[in-house]
Amino acid sequence: MKKSYYLLVVGLFLLILALVIVSPVVTTEAAVKKAPPKPTLSQIIAEVSKTFFKNSEMKKEPSKYGGSVPYSHLEESPYLKTLWEGMPFSKDYNEDRGHYYALEDVKSTKRLSPATPMTCMTCKSSNVPAAMKKYGDAYYTLPMLVYQDEFKHSIGCSDCHDLKTYKLVITRPAFVEAMKRRGIDVTKASQSQLRTYVCAQCHVEYFFDPQNGKKLTFPWDKGFDPENIYQYYEERGFADWTNPSTFVKELKAQHPEFEMFQGSTHQKAGATCADCHMPRKTVTSGKLTFTVASHQWTSPLKDMSACKKCHTKDAKFLTERVFYIQDRVKAAIDRAGEANAETLRTIKSVAAGTYDPAILAEAQKLQRESQWYWDYVAAENSIGFHNPSKAFATLNKSIELAYQARLKALEAKK
């Protein structure tokens with residue numbers, strides 16, 4: 002009897018143990034069978050490529066400003082020719098097309114001359130990293146018109162991705178070097194940081210350092226704000242060109258999107274460039290439906306799903322809010338531009354007569370600073386939206402300095 006009871010207890014124990022061990026395996030196998038199949042790497046790349054080639058589309062709408070249809074800013078804003086007298090932008094300054102056309106457009110611009118260095122090619126072709134490796138620092142001094150045919154491909158996957166792992170990578174040394182001078186090692190950047198850093202390789206203010214073989218350099222040693230960058234240039238005695246009529250040693254801002262974004266509401270909230278400009282898209286390949294990041298780099302107004310991830314208002318409200326900001330920033334850009342043009346005309350008139358050189362030099366210095374602040378906002382592609390408060394403050398400073406410069410020029414007249 003005891004033996005039978007013992008065998009019964011042992012049998013029950015083994016049965017329970019078997020159920021405990023086997024049950025999760027059965028459940029897990031069932032779950033695996035029900036899990037949807039994942040897309041292959043080739044399927045993902047194929048769908049991402051479809052979005053990338055949309056960069057070839059040329060449309061202004063729904064953007065009110067900018068867009069990807071090339072038109073002349075010189076015709077739209079005639080005062081630009083006065084501000085840029087004596088430098089290549091006074092000859093040719095069109096609205097840029099999409100990244101798809103970057104190489105074609107840099108090769109065809111009327112701003113090129115035999116003196117144009119290869120530095121201008123740095124953000125226009127995925128062939129650049131190989132060229133930098135081939136030529137070393139001599140790359141920056143090569144005459145672009147002579148060597149430009151070596152560059153066959155516009156901006157592509159390898160500019161932002163390691164083609165073996167497809168992870169985000171920095172491929173342009175100027176960004177790495179600038180961040181290093183600020184005490185930041187970009188090789189330790191998080192995935193979130195890289196979603197901005199890969200864009201900041203190019204969407205920035207820069208200059209060709211005459212003290213270092215025209216090497217592409219980002220002037221961030223003192224900070225990202227326009228005042229910081231102006232002070233950096235002042236201490237180096239740098240100027241992009243000298244206006245032939247006013248003899249002002251002027252600065253030409255490029256496209257400081259990364260700098261303008263610093264300190265903004267969205268940047269403080271943790272948003273990255275990719276969060277707003279590369280929204281997730283639902284796609285279908287064969288029998289599979291999955292999401293990919295859109296690689297059509299364009300205005301979020303074309304697909305406001307990125308905005309709706311955080312904002313609860315409808316698309317109409319959000320669009321009107323964007324235009325409300327941009328309308329006012331554009332008006333301020335034009336006021337500051339016209340103010341600087343008038344100041345330059347005044348300085349030119351005074352310089353053509355008898356004047357006090359020391360006082361006129363003060364006027365020239367004020368105008369140089371004023372025009373820099375105007376251009377920091379005017380050259381930035383969001384029409385102030387990336388940081389409205391910084392845009393307005395910078396333009397207000399430009400207008401005030403232009404007025405001071407004009408008064409000082411009149412004071413110099415004898």
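Those letters in the sequence shown? Residues 2 to 415, per my numbering, in order. Here a beta-carbon is modelled for each residue, glycine too, at the ideal position from N, C-alpha and C.
Rounded C-alpha distance that separates residue i from residue j
i: lysine 168; j: serine 159; result: 10 Å
i: threonine 355; j: lysine 215; result: 38 Å
i: phenylalanine 225; j: histidine 162; result: 26 Å
i: leucine 42; j: lysine 250; result: 53 Å
i: alanine 32; j: threonine 292; result: Confidence is the limiting factor: at alanine 32 the pLDDT is only 49, short of 50, which leaves the residue's position unreliable, though a coordinate-based value still follows. Answer to the nearest angstrom: the Cα atoms are 22 Å apart.
i: glycine 238; j: leucine 345; result: 21 Å
i: serine 127; j: glutamine 297; result: 17 Å
i: leucine 411; j: leucine 367; result: 13 Å
i: leucine 408; j: proline 227; result: 24 Å
i: glutamine 405; j: lysine 415; result: 18 Å
i: threonine 188; j: lysine 82; result: 42 Å
i: leucine 164; j: glutamate 77; result: 42 Å
i: alanine 353; j: alanine 362; result: 14 Å
i: threonine 299; j: glutamate 151; result: 28 Å
i: alanine 175; j: lysine 134; result: 14 Å
i: tyrosine 101; j: proline 358; result: 50 Å
i: glutamate 258; j: glutamine 192; result: 20 Å
i: lysine 92; j: valine 205; result: 23 Å
i: alanine 272; j: alanine 294; result: 15 Å
i: lysine 420; j: phenylalanine 90; result: Past the boundaries of the shown model lies residue 420; the chain is included only from 2 to 415, so the question cannot be answered.
i: alanine 316; j: valine 284; result: 22 Å
i: histidine 267; j: phenylalanine 54; result: 28 Å
i: alanine 223; j: glutamate 178; result: Residue identity differs from the one stated: residue 223 is lysine in this sequence, not alanine. The alpha-carbon atoms of lysine 223 and glutamate 178 are separated by roughly 14 Å.
i: glutamate 236; j: alanine 380; result: 23 Å
i: glutamate 96; j: histidine 278; result: 19 Å
i: methionine 2; j: proline 38; result: For methionine 2, the pLDDT reaches just 44, beneath the cut-off of 50, and the residue's location in the model is therefore unreliable, although a value from the coordinates is still provided. Spanning the two alpha carbons is a distance of roughly 56 Å.
i: glutamine 194; j: alanine 413; result: 51 Å
i: glycine 157; j: glycine 137; result: 22 Å
i: alanine 270; j: histidine 256; result: 23 Å
i: arginine 322; j: lysine 310; result: 17 Å
i: alanine 139; j: leucine 113; result: 19 Å
i: valine 170; j: alanine 190; result: 10 Å
i: asparagine 244; j: aspartate 335; result: 20 Å
Cβ-based neighbour list, residue i, same chain, cut-off 6 Å, excluding 5 preceding and 5 following
i: proline 94; result: With the sequence shown as reference, residue 94 is identified as tyrosine, and proline is not the correct amino acid for it. His74 and Leu75.
i: proline 220; result: Ile230 and Tyr233
i: leucine 396; result: Ala333, Ala337 and Val378
i: glycine 99; result: Asn56 and Ser69
i: aspartate 304; result: Pro280
i: lysine 253; result: Asp241
i: alanine 275; result: Arg196
i: glutamine 365; result: Val249
i: aspartate 419; result: Residue numbering for the chain in the displayed model covers 2 to 415; residue 419 lies beyond these limits and cannot be assessed.
i: alanine 149; result: Checking the displayed sequence, the identity of residue 149 turns out to be glutamine instead of alanine. Lys108.
i: alanine 307; result: Cys277, Pro280 and Pro301
i: isoleucine 360; result: Glu412 and Ala413
i: lysine 61; result: Gly68 and Val70
Distance between beta carbons of residue j and residue i, contact taken as under 8 Å
i: asparagine 388; j: glycine 67; result: About 16 Å; that fails the 8 Å criterion.
i: alanine 394; j: glycine 385; result: Not a contact, Cβ separation roughly 11 Å.
i: proline 130; j: threonine 172; result: 5 Å
i: leucine 84; j: serine 155; result: The pair is not a contact, with the Cβ atoms about 30 Å apart (cut-off 8 Å).
i: threonine 52; j: lysine 282; result: 6 Å
Contacting residues, own chain, Cβ-Cβ under 7 Å from residue i (five flanking each side not counted)
i: valine 107; result: Cys121, Met122 and Lys125
i: tyrosine 80; result: Gly338, Glu339 and Ala342
i: lysine 65; result: Phe324 and Gln327
i: histidine 312; result: Leu319
i: serine 246; result: Glu86 and Lys349
i: proline 115; result: Pro144 and Leu146
i: lysine 40; result: At residue 40 the sequence reads proline, which differs from the lysine that was named. For proline 40, where only same-chain residues beyond five positions count, the Cβ hits under 7 Å are Ser286, Leu289 and Phe291.
i: lysine 153; result: Asn128
i: methionine 88; result: Asp241, Trp242 and Lys253
i: valine 26; result: Reliability of the predicted coordinates at valine 26 is poor, the pLDDT of 45 falling under 50, and no value is obtained from them.
Beta-carbon contacts of residue i that lie in its chain and below 8 Å, excluding the five residues immediately before and after
i: valine 330; result: Val378, Ile384, Gly385, Phe386, Pro389, Ala392, Phe393 and Leu396
i: threonine 320; result: Pro63, Leu302 and Met305
i: glycine 287; result: Gln44
i: phenylalanine 209; result: Pro118, Thr120, Tyr141, Lys215, Lys216, Leu217 and Thr218
i: proline 211; result: Phe239
i: tyrosine 72; result: Asn95 and Glu96
i: tyrosine 207; result: Ala175, Leu217, Thr218, Phe219, Pro220 and Gln255
For this session: Identify every run of the beta strand (DSSP E) within the region 179–211, keeping only runs that are complete inside it and at least 3 residues long; order them along the chain.
Result: Taken in chain order, the complete beta strand (DSSP E) segments of 3 residues or longer contained in the region 179–211 are 208–210.
Exercise. Using 8 Å as the threshold, is the region 393–402 in touch with the region 365–378, meaning 3 or more CB pairs across them?
Worked result: yes
Problem set entry | Inter-stretch contact (C-beta, 8 Å, three-pair minimum) for the region 40–54 and the region 346–363 | no
Exercise. So does the region 198–208 actually touch the region 256–266, counting three or more Cβ pairs closer than 8 Å?
Worked result: yes
Problem set entry | the region 181–195 contacting the region 140–159, beta-carbon criterion three pairs below 8 Å | The region 181–195 is not in contact with the region 140–159.
Exercise. In chain order, which alpha helix (DSSP H) runs of at least 4 residues are fully inside the region 316–395?
Worked result: 316–352 and 358–379
For this session: Just list the alpha helix (DSSP H) runs in the region 116–151, keeping only unbroken ones of 4 residues or longer that don't cross its boundaries, in chain order.
Result: Within the region 116–151, the complete alpha helix (DSSP H) runs of at least 4 residues are 129–136 and 145–148.
For this session: Please list the segments of the alpha helix (DSSP H) lying wholly inside the region 207–264, counting only runs of 4 or more residues, in order along the chain.
Result: 227–237 and 258–262
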